[in-house]
């Protein structure tokens, strides 16, 4: 088949279709009013469970912090600092997550394919970079139960060593995860799983496309 | 422009260019339900950007840009669509069966339909970007318009089209030889 015939084949097929293709104007009008704000609604619907769970978690953390501050005693210093840090890290992660979702959602798709797809990629990569801040809370989970009343004054050297090793390993783990959870390590199965969970699936699925684009631009 | 006038103009533009929506959805969505949802999503995004429509571009160029960008993003999360889309029960685009008949004889129609089905299958097997380029080529868009839509140079477009056409010819020859 000659190359011009492909165009002809396509044209003939769609000319026939075009003659019988009708737009459902009633539905279109409904869509214009219904869908005006629905992309945000659908976005929120899609992520609602996660966002609600995060908010409930923040409420619980802030409530326990409030109780500790209202009934303050120096014994609660480790608790207040640890839970305070966990709370702030979670607030920052949730704020960035929602901000990025809204930014991705607010993109107008009327730019060139290259520009818009690059923009989407940058935003999603930024979402991943910001979301991994969550792992920085790990060390604080090893310190919140300590108390000025008995630590470090009333424990032996063994316990102090244990605590230092525990918190130290948690710090190491947090920093390692922070570094590891990036698109550079996307070929690792569990990194892929993590990235998918925080909205990186689209980037992972689009890898071939970006390679194709780069190839074309080269 | 009043909201009513804007909405009427939008409906008229969509009505005039509904064929583009149909073609893009056919190339990026694999089943009837997905096509229906994809067309709705494209129309919603077109409406979202209609207020900022730049008259220096043709409506078709604008529609192609939005439709292809939405479809590319869509194809990456399609398996999740039930979570993201509130499906409308009806199709935005209705296809009357009479339009499929045409004037040709049954044999010619049969051969054309087979070839078209092969062409469609070949398009679906292409990489995402090549699919967009071939779609624009088959729709007889100029290389300048294609470059505007995709965002790369006309030289790159031209090179890529030649490569895709080569593969297409090869595939059809193989099928005819079998």
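Chains as they are written, first to last, in the numbering used here: chain D, 550 to 767; chain F, 48 to 225. For glycine and all other residues, C-beta sits at the position ideal for the given N, C-alpha and C.
Contact of residue 562 (chain D) with chain F is assigned, a C-beta pair being separated by under 8 Å. With respect to the 8 Å criterion, residue 66 (chain F) and residue 567 (chain D) are classified as neighbours on the basis of their beta carbons.
Nearest neighbour of residue 187 (chain F) by Cα position, chosen from F:208, F:202, F:217, turns out to be F:208. Sequence-distant Cβ neighbours of residue 72 (chain F) in its own chain, meaning closer than 6 Å and more than five residues away, are 82, 85, 86. In the pairwise beta carbon analysis, the stretch 595-603 of chain D is classified as not touching the stretch 107-119 of chain F: fewer than three pairs are separated by under 8 Å.
Listed in chain order, the positions of the stretch 660-672 of chain D with a beta carbon within less than 7 Å of a beta carbon of chain F are 660, 661, 662, 663, 664, 665, 666, 669. Here the stretch 690-706 of chain D does not lie against the stretch 662-682 of chain D, with fewer than 3 beta-carbon pairs under 8 Å apart. Spatial neighbours of residue 173 (chain F) in its own chain (CB-CB distance under 8 Å, excluding positions within 5 residues in sequence) are listed in chain order as 181, 211. Counting C-beta pairs with one atom in each stretch, the stretch 652-661 of chain D and the stretch 96-104 of chain F have three or more that are closer than 8 Å, which means they touch. Look at residue 751 (chain D): its C-beta is under 8 Å from a C-beta on chain F. Neighbours of residue 60 (chain F) in chain D, taken as residues whose beta carbon is under 7 Å from its own, are absent, since the nearest beta carbon is some 11 Å off.
For residue 86 (chain F), the enclosing alpha helix (DSSP H) covers residues 79-97.
Counting every other CB atom within 10 Å of its CB across the protein chains shown gives residue 219 (chain F) a total of 16 or more, marking it as buried. Counting the other Cβ atoms within 10 Å of the Cβ of residue 193 (chain F) gives 16 or more, which makes it buried. Taking a C-beta distance under 8 Å as the contact criterion, residue 577 (chain D) and residue 171 (chain F) do not qualify as a contact pair. Residue burial annotation: residue 621 (chain D) is exposed, with fewer than 16 other C-beta atoms found within 10 angstroms of its C-beta. Here residue 746 (chain D) carries a helix assignment [DSSP, helix/strand/coil].
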